[in-house]
Amino acid sequence: MLAVFKKMDMPVEVQDSKLVLIDNFRVASKNKPISAEQAKMLTHMDLKLREFAPAVVASYVDGDFSAP
């Protein structure tokens, strides 16, 4: 686990058999996609990601265009 955090340049060290964050570290930023490693880190920290749901604003089916 330490290698995963170190790979992301996260400032961690082992103290008394526990991983300790020794400085502030931003895992993700608003409106920026996250990497697979960042997603794993959030999962290991038991932080849930928010659900993404696109909104359909128009459709084109069999030559017919419709917009709400």
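Quick note: to get my numbering, add 342 to the position in the sequence shown (first position is 1). C-beta atoms are modelled at their ideal positions from N, C-alpha and C, and glycine is treated no differently. In this text the structure is predicted, and so the values were computed from the model without any measurement.
Please report the distance separating the alpha-carbon of residue i from that of residue j.
i             : j              : result
glutamine 357 : leucine 384    : 21 Å
tyrosine 402  : proline 410    : 12 Å
leucine 344   : lysine 390     : 21 Å
arginine 392  : isoleucine 376 : 12 Å
alanine 400   : aspartate 406  : 11 Å
By the three-class DSSP mapping on this structure, what secondary structure does residue i have?
i           : result
leucine 363 : strand
valine 398  : coil
Less than 9 Å between CB atoms is the rule here; does residue i satisfy it with respect to chain D?
i           : result
alanine 395 : In the structure shown, chain D does not exist; there is a single protein chain.
If you follow the alpha helix (DSSP H) that residue i is part of, which residue opens it and which one closes it?
i                 : result
phenylalanine 347 : 344 to 349
phenylalanine 384 : Contrary to the premise, residue 384 reads as leucine rather than phenylalanine in this sequence. 378 to 386 is the span of the alpha helix (DSSP H), which, as asked, contains leucine 384.
Between which two residues does the beta strand (DSSP E) containing residue i stretch?
i             : result
aspartate 406 : 406 to 408
valine 354    : 354 to 357
Of the choices the options, whose alpha-carbon is the least far from that of residue i?
i              : options                        : result
alanine 370    : Pro396, Ile364, Leu361, Met352 : Met352
methionine 350 : Ala395, Phe367, Val362, Ser359 : Phe367
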